[in-house]
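In our numbering, the protein residues as written are 13 to 591. Even glycine gets a Cβ: it sits at the ideal position worked out from N, Cα and C.
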Ligand code: PEP
Ligand code: MG
């Protein structure tokens, strides 16, 4: 009997498709015994502890080298933080003290102390300290494993190729995964901005996080279709769904291109621009290597979420500067803090108890409610502008008043820098995200007042169709190709063209090879996406003609149903890429 197809919705963090069996991982608690050590054996116990620390240090050093070679020095930096945990004298001394006091075996003492240590950090006022909890837990597990078995923490080993499902994976788990075996990653926890997500993107493994019901609702071995563009996981997909996805997956895209020679134009010479969406400064160098002609969206909340609070102007400046320097002379678009919806900060200032966070104090609304936080962020961005061209982008805008309020705060940020005699550069352009139907409908007015616009299709789809982008129940209604969404995109593109206002798309649609030709056809020539998606999108756009995609746009705009549009796109896709 065929099992029914089910769609689960999470957050897409690494683009690509994967089809394969589910491999469920739940590492569980390590079984740490508790025994009394006789007085004569205690010195030996301490030697064993010291030897395990040294071996774990060596293990982390080796991991750092492997990751630096495999992914680059930025990605390796997370393991430096891990090494520092083992250099923390307080953790070591407290463990020895516990051992002397209780006479129990050292692994038991270390388990108690490291857990206490992580719990204390979790409650710390200081954002930086709170951010270290995950490092302490990851390293503690590694050291305990070494003490218990005398061997290194084993890498995840898979019985056969498949899609991993786990509560969470640490960066060290992901960094050493065998790409041939791991077709995709699903976790029930995690953030788009976490180190683990950054690693998955660097390794080009499609991944979806925060699929809360994954462990409970997916049986081991079930066939999964993971869509790392949309954050969707289809369990027991039908032959028809598989066929549709396979048509996309098997699209021949250019491999091993020299990105510097990327001719970013259609077959009939129409130029397009591909830019990168970044969540962290650590991704800048690899995005540049992937051929990005600038950063179309830097999600600054990544820094805030990783720090679990509000980083100082100086910390922000250093992170922003790193990206600007990596991309010079291409522009970097910094989006001001976009909290709200699925991006909640565990901080007292962050609003709790909103009935509907997607419609609450989100994006620019939060920043304008706390102008001192926004002003500090603007000052950090202006300081980074000294090192290369910088653009400012406002999220979740619904009115021109919000744009005017930010312009005032920007003036104040300039004043504050002058008063403190800090050098700064000039903000090149100021723009907005078009993420709500209100903004799309008023695109002509906005186009007059701002220097550029960028379509945030992830939210635009959710608000236009009244479909929560994170809900499983209505996941099948979240349709990027819905005629209402496409009509809005077209209207915004027309308004931008008539008012000479540069326009891009930075929602996930831009990095999806299925939709990229249509976006070009609707009049958007600049697409910003996860760097890992760039090669596939370039592969498709460089094989179609502008004449073809414009005609596609005209036909599709005349269709009244999403299902008809999807069929038409699919036929276009297969035809265009076969020719
Ligand atoms: C969007 O809404 O399309 C977008 C790019 O913003 P985010 O996904 O960060 O909400
Ligand atoms: Mg958005």
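No heavy atom of the ligand PEP is found nearer than 7 Å to the CB of residue 432. When only Cα atoms are considered, residue 539 and residue 126 end up about 46 Å apart. When secondary structure is reduced to three states using DSSP, residue 445 falls in the strand class.
In the structure shown, residue 217 falls within a coil segment according to DSSP collapsed to helix, strand and coil. Looking at the DSSP output, residue 335 shares a beta bridge with no other residue.
In summary, residue 344 is buried, with 16 or more beta-carbon neighbours lying within 10 Å of its beta-carbon over all protein chains present. Here residue 525 is buried, its C-beta having at least 16 other C-beta atoms within 10 Å. Relative to residue 220, the option among 534, 195 and 130 whose CA is nearest is 195. Assigned with DSSP and collapsed to three states, residue 546 falls in helix. Here the alpha carbons of residue 437 and residue 513 stand approximately 23 Å from one another. Look at the segment 464 to 499 and you find these whole runs of alpha helix (DSSP H), each 4 residues long or longer: 469 to 477.
Of 148, 32, 117 and 161, the smallest CA-CA separation from residue 132 is found for 148.
Put simply, of 351, 150, 280 and 393 the residue whose alpha carbon is nearest the alpha carbon of residue 334 is 393. Contact between residue 348 and residue 398 fails: their C-beta atoms lie close to 19 Å from each other, not under 8 Å.
Residue state for residue 184 is assigned as helix, using DSSP reduced to three classes.
For residue 98, the enclosing alpha helix (DSSP H) covers residues 85 to 98.
Put simply, the backbone Cα of residue 400 is about 14 Å away from that of residue 331. Per the DSSP secondary-structure output, residue 289 pairs in a beta bridge with 309. Closer than 7 Å to some heavy atom of the ligand MG: that describes the Cβ of residue 407. Counting along the chain, the unbroken alpha helix (DSSP H) around residue 70 starts and ends at 54 to 82. Secondary structure note for residue 32: its beta strand (DSSP E) is the uninterrupted segment 29 to 37. In the DSSP assignment, residue 18 falls within the beta strand (DSSP E) that extends over 18 to 21. Fewer than three Cβ pairs drawn from the segment 36 to 46 and the segment 361 to 380 lie within less than 8 Å of each other, which leaves the two stretches out of contact.
Taking one beta carbon from each stretch, the segment 351 to 360 and the segment 373 to 392 have 3 or more pairs nearer than 8 Å; the two touch. Under DSSP, residue 540 takes part in a beta bridge, and its partners are 287. The beta carbon of residue 310 is closer than 7 Å to those of 290, 335, 344, 345, 346 and 347 in its chain, skipping five residues each way along the sequence. DSSP places residue 402 inside the beta strand (DSSP E), whose first and last residues are 402 to 406.
With contact defined as three or more Cβ pairs closer than 8 Å, the segment 213 to 233 and the segment 540 to 550 are in contact. Judged by the Cβ position, residue 403 fails to qualify as a neighbour of the ligand PEP at the 7 Å threshold, every heavy atom of the ligand being at least this far.
Within the same chain, Cβ atoms closer than 8 Å to the Cβ of residue 356 are found at 362 and 369, the five residues on either side in sequence being excluded. Exclusion of the five residues before and after residue 16 leaves 248 as the residues of its chain whose Cβ lies within less than 8 Å of its Cβ. Contact check for residue 429 against residue 395 passes: the beta carbons are separated by less than 8 Å.
For residue 57, the closest alpha carbon among the candidates 70, 107, 477 and 99 is that of 107.
Distance from the CA of residue 532 to the CA of residue 523, rounded to the nearest whole angstrom, comes to 12 Å.
Scanning 78, 254 and 475 for the CA closest to the CA of residue 372 turns up 475. If the five residues before and after residue 65 are omitted, its C-beta is found closer than 8 Å to the C-beta atoms of 98, 104 and 155, all from its own chain and listed in chain order.
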